[in-house]
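Heads up: the sequence shown begins at 1 in the UniProt record's numbering, then just goes up one per residue.
A virtual CB, placed ideally from N, CA and C, is assigned to each residue, including glycine.
Since the structure comes first, as structure tokens, the remarks are kept for the end.
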Amino acid sequence: MEVRLDNQLALFRPGDWVTGEVVLKVSEPFEIKDIVVLLLGETESCNFQHDDNRRRMSGSTRFRLFELSHRVFPKTHNSTHNSDRYELDKGIHKFRFDLAFPATQVEARCVMQFDWNRLYLQTQLWRNTAELAPGSLTSTDLPPSFNTIFGMDSYAAVKYTVVASVGRPGKTAVGNVKKIELRFSPTLHSAVCSVQHLTEHGLFLPDWSRGGTLLQLQYDQSKRQDRSFFDKMFSSGSFTLPLDAVVEFKNSNMSRYAQGSTSRVLHQEDILSDVLRVKLVSPFSYKALKEALFGRYVIKLGQEAAVPRLVIRQVKITIIQHLRYSGYLEKEATHRIPLAKHTQYRKVDFSRFQRENYPGYEIFREIPKEHSFLAAPQTAYLYELPAEWLEYGLFTDEQSFVAPNIQCDYLLEFSIKVFSSAEQGKHYDVVCEAPILLVPPRHTDHEGGGPPAPSHGGPVRVAPSEAEPVRVAPLADAEEAPPSYQEVMQSS
């Protein structure tokens with residue numbers, strides 16, 4: 001038996017038809033009862049915990065999203081009396097089938113593979129324990145195809161499958177079964193995500209994220225001018241410079257909601273340079289750095305003393321998947337997906353850092369006490385990475401989603417490898433993690449009704465625009481829930 005899809009490589013969407021044929025190659029007359037083709041959607045998650053005796057206790061949770069069937073044989077009885085026996089002659093027999101993905105919400109049925117217990121009473125994601133009871137139903141939109149495996153009994157998956165089966169006469173007869181897994185994605189209008197990780201106290205996070213490190217700048221002590229003999233004798237020859245990496249999401253990518261707005265909604269196929277900027281931040285001006293390294297009299301007397309330059313060696317971009325999934329209990333896990341790596345060797349003079357207002361307060365706490373007078377709170381000096389360094393697209397199957405037993409969120413991580421031109425042997429990683437929503441593409445030529453046409457020439461670059469709709473799931477506190485899709489459309 002063979003199952004042939006008309007478009008096996010298609011990315012299916014809600015309402016799409018899955019069409020194809022079941023092919024039976026019969027070498028001698030063969031008795032069958034029927035031939036049935038199913039289209040199934042399921043979510044399954046599994047995890048474990050060790051008890052006090054170090055026994056490994058594992059369990060899984062499974063939801064049947066939908067099950068659609070097409071009996072392709074027999075379509076009508078070909079005998080004068082009811083029968084469960086039909087004979088296929090020698091040769092090749094083909095049976096057409098067509099099944100459509102649900103276009104709207106479905107009633108998912110919970111199937112538990114271990115005894116349901118009260119561990120779920122303590123969870124936030126699945127607070128309604130009745131929804132996790134065996135046989136219970138819960139309304140849900142179809143999540144995207146998904147499969148993340150941490151181990152044999154630690155995984156989370158969303159699968160859509162075509163299953164063809166040949167039934168044989170008799171209670172003990174063994175039939176033939178073939179399965180084909182499909183790729184599925186919701187449309188932008190049908191995708192549902194959680195924004196819990198984008199909020200704080202019910203409000204959206206600012207449209208920037210930061211991360212920092214401490215860079216040691218080595219300098220030539222012979223050029224340091226100090227009045228104090230003590231300073232001359234005990235100077236270490238190095239200076240601690242707090243350095244931040246900042247990811248700033250552009251206003252042109254803003255999505256507006258009744259409770260506020262956010263620019264952290266990124267779409268598959270977005271080019272990063274279109275939706276965000278990346279900057280390096282120093283709390284000191286070039287003049288202040290020179291004074292901190294060599295003393296104020298170098299500046300007053302106009303003596304030459306070179307401030308070491310900052311060397312940018314590499315920019316690495318990673319998608320971090322943050323997963324919450326049920327099983328023996330509710331667990332959280334992360335999975336890293338490399339996106340891009342840009343290798344450079346660019347020397348940047350600190351005089352090129354531009355003065356700007358900077359709301360990040362952490363960097364000012366890292367300033368050595370003896371140099372705190374050289375910095376001003378909320379005033380910092382920034383260098384923006386060239387846009388061409390961020391010419392990478394989000395060409396990935398990863399999507400934010402919420403399913404009955406799985407929640408998947410994402411962060412973008414930028415790791416910038418830097419060092420001082422005066423000390424090339426030691427590198428520093430300035431790392432910034434920026435929470436985002438990762439949703440379906442902004443525009444697609446395929447809006448349902450059949451398999452999408454094959455792509456010719458690759459993705460089309462689409463500029464970001466305001467008020468791109470995406471639905472969000474309620475937060476843990478219902479009073480702080482983001483608006484519905486209809487509210488977004490009315491407010492825009």
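Exposed or buried, which one is F373 when buried takes at least 16 other CB atoms within 10 Å? Locating residue 373 in the sequence shown gives position 373, where the first residue counts as 1. Classification for F373: exposed.
Less than 8 Å separating the beta-carbons of T161 and L40? Start at 1 with the first residue of the sequence shown, and residue 161 comes out as number 161. Start at 1 with the first residue of the sequence shown, and residue 40 comes out as number 40. Yes, they are a contact pair.
Determine, using beta carbons only, whether Q268 and T396 come nearer to each other than 8 Å. Within the sequence shown, the letter at position 268 stands for residue 268. Within the sequence shown, the letter at position 396 stands for residue 396. Yes; because the gap between Cβ atoms is below 8 Å, this pair is in contact.
Who are the Cβ neighbours of P14 in its own chain at under 7 Å, not counting the five residues just before and after it? Translated into the one-based positions of the sequence shown, residue 14 becomes position 14. Cβ within range, chain order: F101, P102, A103, L142, P186, T187, S190 and G448.
Assigned secondary structure, C358 (DSSP; H/G/I helix, E/B strand, else coil): Against the sequence shown, residue 358 aligns to sequence position 358. In the sequence as displayed, the identity of residue 358 is Tyr instead of Cys. Coil, per DSSP.
How many angstroms separate the CA atom of A376 from the CA atom of K369? In the sequence shown, counting from the first residue as 1, residue 376 sits at position 376. In the sequence shown, counting from the first residue as 1, residue 369 sits at position 369. So the two alpha carbons sit approximately 13 Å from each other.
Return the chain-ordered list of same chain residues with a C-beta closer than 6 Å to the C-beta of L68, the five sequence neighbours on each side being excluded. By one-based count along the sequence shown, residue 68 stands at place 68. So the list reads L39 and L99, once near-sequence residues are dropped.
Starting from the C-beta of L125, find all residues in its chain whose C-beta is less than 6 Å away, skip the five residues before and the five after it, and write them out in chain order. Indexing the sequence shown from 1 puts residue 125 at position 125. Caution applies to L125, whose pLDDT of 46 falls short of 50 and renders its modelled position unreliable; the value that the coordinates give is listed next. The residues are R324 and Q407.
Do N357 and the ligand COA come close, with the Cβ less than 7 Å from some heavy atom? Ligands displayed in this structure: none; no statement on the ligand COA is therefore possible.
Quick check on Y381: buried or exposed, where buried means 16 or more other Cβ atoms within 10 Å of its Cβ? As a first step, residue 381 is located in the sequence shown; it is residue number 381 there, counting from the start. Classification for Y381: buried.
Look up H341 in the DSSP assignment and give the residues it is bridged to. As a first step, residue 341 is located in the sequence shown; it is residue number 341 there, counting from the start. One detail in the question is off: residue 341 reads as Lys in this sequence, not His. Its beta-bridge partners are K316.
Nearest neighbour of V3, chosen from H427, M254, D84 and E21 [CA to CA]: On the sequence shown, residue 3 is found 3 positions in, with the first residue counted as 1. Among H427, M254, D84 and E21, the Cα nearest to that of V3 is on E21.
Among Q314, T343 and S282, nearest to T379 - alpha-carbon criterion: Start at 1 with the first residue of the sequence shown, and residue 379 comes out as number 379. Cα-wise, what sits closest to T379 is S282.
What did DSSP end up calling Q196 once you bin it into helix, strand or coil? As a first step, residue 196 is located in the sequence shown; it is residue number 196 there, counting from the start. Helix.
Flag this pair as yes or no: are the beta carbons of V193 and V402 separated by less than 8 Å? Residue numbering aside, residue 193 sits at position 193 when the sequence shown is read from its first letter. Residue numbering aside, residue 402 sits at position 402 when the sequence shown is read from its first letter. According to the sequence as given, residue 193 is Cys; it is not Val. Inclusion of C193 and V402 in the CB contact set at 8 Å is warranted, their separation being smaller than that value.
Which listed residue (L276, L217, F97 and L65) has its alpha carbon closest to that of N405: The count along the sequence shown starts at 1 and reaches residue 405 at position 405. Of the candidates L276, L217, F97 and L65, the one whose C-alpha sits nearest the C-alpha of N405 is L65.
Reduced DSSP secondary structure (H/G/I, E/B, other) of V307: As a first step, residue 307 is located in the sequence shown; it is residue number 307 there, counting from the start. Residue state for V307 is assigned as coil, using DSSP reduced to three classes.
Alpha carbon to alpha carbon, how far is G327 from D51? Here residue 327 corresponds to residue number 327 of the sequence shown, with the count starting at 1. Here residue 51 corresponds to residue number 51 of the sequence shown, with the count starting at 1. G327 and D51: Cα-Cα distance of roughly 15 Å.
Which listed residue (K178, P74, L438 and F95) has its alpha carbon closest to that of Q164: Position 164 of the sequence shown, counting from 1, holds the residue named residue 164. Reading off the sequence shown, one finds Ala at residue 164, where the question assumed Gln. Of K178, P74, L438 and F95, the residue nearest in Cα terms is K178.
What's the gap between the Cα of V106 and the Cα of R365? Within the sequence shown, numbered from 1, the residue matching residue 106 stands at position 106. Within the sequence shown, numbered from 1, the residue matching residue 365 stands at position 365. Taking the straight line from one Cα to the other gives about 52 Å.
With 16 as the cutoff for other CB atoms within 10 Å, does N47 come out buried or exposed? Residue mapping note: residue 47 aligns to position 47 of the sequence shown, counting from 1. N47 is buried by the Cβ-count criterion.
N117 in three-state terms, based on DSSP: The sequence position of residue 117 within the sequence shown is 117, counting from 1. Its pLDDT being 43, under 50, N117 is placed unreliably by the model, and nothing is read from it.
DSSP three-state assignment for S282, whether helix, strand or coil: Residue 282 sits at position 282 when you count from the first residue of the sequence shown. The answer is strand: DSSP assigns S282 an E or B state.
Taking all protein chains shown into account, do 16 or more other C-beta atoms lie within 10 angstroms of the C-beta of I32, making it buried, or fewer, making it exposed? Residue mapping note: residue 32 aligns to position 32 of the sequence shown, counting from 1. Buried, because 16 or more other Cβ atoms sit within 10 Å of the Cβ of I32.
To the nearest angstrom, report how far apart L5 and L438 are at their CA atoms. Indexing the sequence shown from 1 puts residue 5 at position 5. Indexing the sequence shown from 1 puts residue 438 at position 438. C-alpha separation (whole angstroms): 29 Å.
Could you work out which residue in M1, E391 and L385 is closest to I180 when comparing CA atoms only? Taking the sequence shown and counting its residues from 1, the one referred to as residue 180 is at position 180. When each option's Cα is compared against that of I180, the closest is M1.
Since K178 sits in a beta bridge, which residues does DSSP pair it with? On the sequence shown, position 178 is the one that residue 178 refers to. BP columns for K178 point to A164.
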